[in-house]
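What follows is one structure encoded as structure tokens, with my remarks underneath.
2 protein chains.
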Amino acid sequence: MKREGVLYILSAPSGAGKTTLCREIIDIFPHLRHSVSYTTRAPRPGEVHGKDYFFVSMDEFRRMIDADEFAEWAEVHGNCYGTSIRTLEENRAAGVDLILDIDIQGARQLQERYAGGVYIFILPPSFEELRRRLNRRSSDSDEVISRRINAAAGEIRESRWYDYIIVNDQFSRAVEELKSVIIAEQCRTARVLDAVSGIFSMD
Amino acid sequence: MKREGVLYILSAPSGAGKTTLCREIIDIFPHLRHSVSYTTRAPRPGEVHGKDYFFVSMDEFRRMIDADEFAEWAEVHGNCYGTSIRTLEENRAAGVDLILDIDIQGARQLQERYAGGVYIFILPPSFEELRRRLNRRSSDSDEVISRRINAAAGEIRESRWYDYIIVNDQFSRAVEELKSVIIAEQCRTARVLDAVSGIFSMD
């Protein structure tokens, strides 16, 4: 039963546990791939072009912006990062499911420029727990952590327009929920009807 | 985190394996309950009022129809069966998830009269396999089975307007998919936003 690939977009405030969740979910679904972004930054030792990133020059990146080739892009600390529409379309057509780990601004851009993604927001269980996690993993001052938590409050408000909200309270439960969203979305009528219509000659 | 109960509506052509799937899924989710219908037929030995059915008189059933109390109802072999709107609303408010195993006509009625259900259609993998399953479980003549398969073809066309389609090819996979739909729907933003808004004071 041939079907189109699904694009899953994951966002979260820093400290919600998104990266660990992503890693776990890709272990569970070997067919699920990380979307490969374009970047102007130099490869780090061990990074492979076409696997970790597509490494391109600033000129090439600018050409791609001008040609409207990005579903979303951003500049971070002087380097540009972007997701090309063609990458998304090729994977969709080939039936490859992609996971895109992206900040809220990027997700917003993507939603305006590319139809059909599944938007998932990962939440910490509370501000107190978020503070504990940020404290545990960094040597930042209380002030810096408070600033991060204020930023998180703004980000969390954006969860309204996502399709799903997963509260990462117990990790194993959050994994189960993310896994379920991925399987369920592949059963959505719009995604299986074509394949099924062929089998049962429904046209 | 308090949330509203979700109503899952399951339909399938006869022979798709819906009853076995339902039984399995209720074993997996002890909090998930079968919706209790009203009926005018007499209780069979062992059946309990309020658990298997609400057993009511034909007069009472007619009064409920006239008072618009049913989300859906039907007459089958001279007996009436119906799902009351109040049952659905009370369970929703109490946060109880319900499963409603119902034919396509009933699902259609329900969809017109009650908002917010999750509609799931169970399909056999092919007409050939459906024929094999119907042959295996009954002593009906080939002609009767052919008539059932023709009926199934019409029913399968209705799967278009359901939210999800689960193809019951391998039973364990169909269970996994149904389970995933149930968990994923509980993570839908519209269903968790209220609870989450309280925690993060998003209003």
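Line by line, the protein sequences give chains Y and G.
First residue of the first sequence? That's 1 in our numbering, and the numbers climb one at a time after it.
First residue of the second sequence? That's 1001 in our numbering, and the numbers climb one at a time after it.
Cβ coordinates follow ideal geometry from the N, Cα and C atoms, glycine included.
- Beta bridge pairing from DSSP links G:Ile-1099 with G:Tyr-1008, G:His-1034.
- Taking 7 Å as the threshold, the shortest C-beta distance from G:Glu-1129 to chain Y does not fall below it.
- With a threshold of 7 Å between beta carbons, Y:Ile-25 makes no contact with chain G.
- Contact between G:Cys-1187 and Y:Ile-9 is absent: CB atoms are separated by about 15 Å, not below the 8 Å threshold.
- No residue range can be given for Y:Cys-187, since it is assigned to no beta strand (DSSP E) and is classified by DSSP as neither H nor E.
- Spatial neighbours of G:Lys-1018 in its own chain (CB-CB distance under 7 Å, excluding positions within 5 residues in sequence) are listed in chain order as Leu-1010, Ala-1012, Asp-1101, Ile-1122.
- Judged by pairs of C-beta atoms under 8 Å, the stretch 1144-1154 of chain G touches the stretch 1127-1135 of chain G, as three or more such pairs exist.
- Annotation: Y:Lys-51 to Y:Val-181 spans about 26 Å, alpha carbon to alpha carbon.
- The C-beta of G:Thr-1087 comes no closer than 7 Å to any C-beta of chain Y.
- Secondary structure of G:Thr-1040 (DSSP, three-state): coil.
- Put simply, the CB of Y:Phe-200 is near chain G, with a gap under 7 Å to one of its CB atoms.
- Exclusion of the five residues before and after G:Pro-1125 leaves Val-1167, Asp-1169 as the residues of its chain whose Cβ lies within less than 6 Å of its Cβ.
- When secondary structure is reduced to three states using DSSP, Y:Val-175 falls in the helix class.
- The C-beta separation of G:Tyr-1038 from G:Gly-1082 comes to about 5 Å, placing the pair in contact by the 8 Å criterion.
- Separation of Y:Leu-110 and Y:Tyr-119 (C-alpha to C-alpha, rounded to the nearest whole angstrom) is 10 Å.
- Y:Gly-46 counts as exposed, since fewer than 16 other C-beta atoms from the protein chains shown sit within 10 angstroms of its C-beta.
- Within chain Y, the C-beta atoms nearer than 7 Å to that of G:Leu-1123 come from Val-196, in chain order.
- Annotation: Cβ neighbours of G:Tyr-1164 in chain Y (cutoff 8 Å, chain order): Ala-184, Cys-187, Arg-188, Thr-189.
- For the C-beta of G:Arg-1160, the chain Y residues within less than 7 Å are, from N- to C-terminus, Thr-189, Leu-193.
- Below the 8 Å Cβ cutoff, chain G contributes Ile-1183 as neighbours of Y:Glu-176, in chain order.
- For G:Gly-1117, there is no enclosing beta strand (DSSP E), since its DSSP letter is neither H nor E.
- G:Leu-1007 and G:Leu-1178 do not touch by the CB rule: their CB atoms are close to 15 Å apart, not below 8 Å.
- Looking at G:Trp-1073, G:Ala-1190, G:Val-1048, the one whose alpha-carbon comes closest to that of G:Met-1058 is G:Trp-1073.
- Excluding residues up to 5 positions away in sequence, Met-58, Phe-61, Asn-79, Cys-80 lie with their Cβ nearer than 6 Å to the Cβ of Y:Thr-40 in the same chain.
- Bounds of the beta strand (DSSP E) holding Y:Glu-72 are 70-76.
- No Cβ-Cβ contact shorter than 7 Å links Y:Leu-88 with Y:Ala-115.
- Against chain G, the beta carbon of Y:Val-6 has no neighbour under 9 Å; the closest one sits roughly 13 Å away.
- Y:Val-181 sits in a helix when the DSSP states are folded into three classes.
- Fewer than three pairs of CB atoms, one per stretch, sit closer than 8 Å, so the stretch 22-35 of chain Y makes no contact with the stretch 187-196 of chain Y.
- The criterion of a C-beta distance shorter than 7 Å is not satisfied by G:Gly-1117 and G:Gly-1005.
- Under the Cβ distance rule, G:Ser-1126 counts among the residues neighbouring chain Y, one pair being separated by less than 7 Å.
- Counting only residues of its own chain and dropping the five nearest sequence neighbours on each side, Y:Glu-158 has a CB closer than 7 Å to the CB of Ile-104.
- Cβ-Cβ distances below 6 Å link G:Ile-1025 to Leu-1178 in the same chain, with the five nearest sequence neighbours on each side left out; the list follows chain order.
- Under the DSSP assignment, Y:Val-48 falls outside any alpha helix (DSSP H); it carries neither an H nor an E label.
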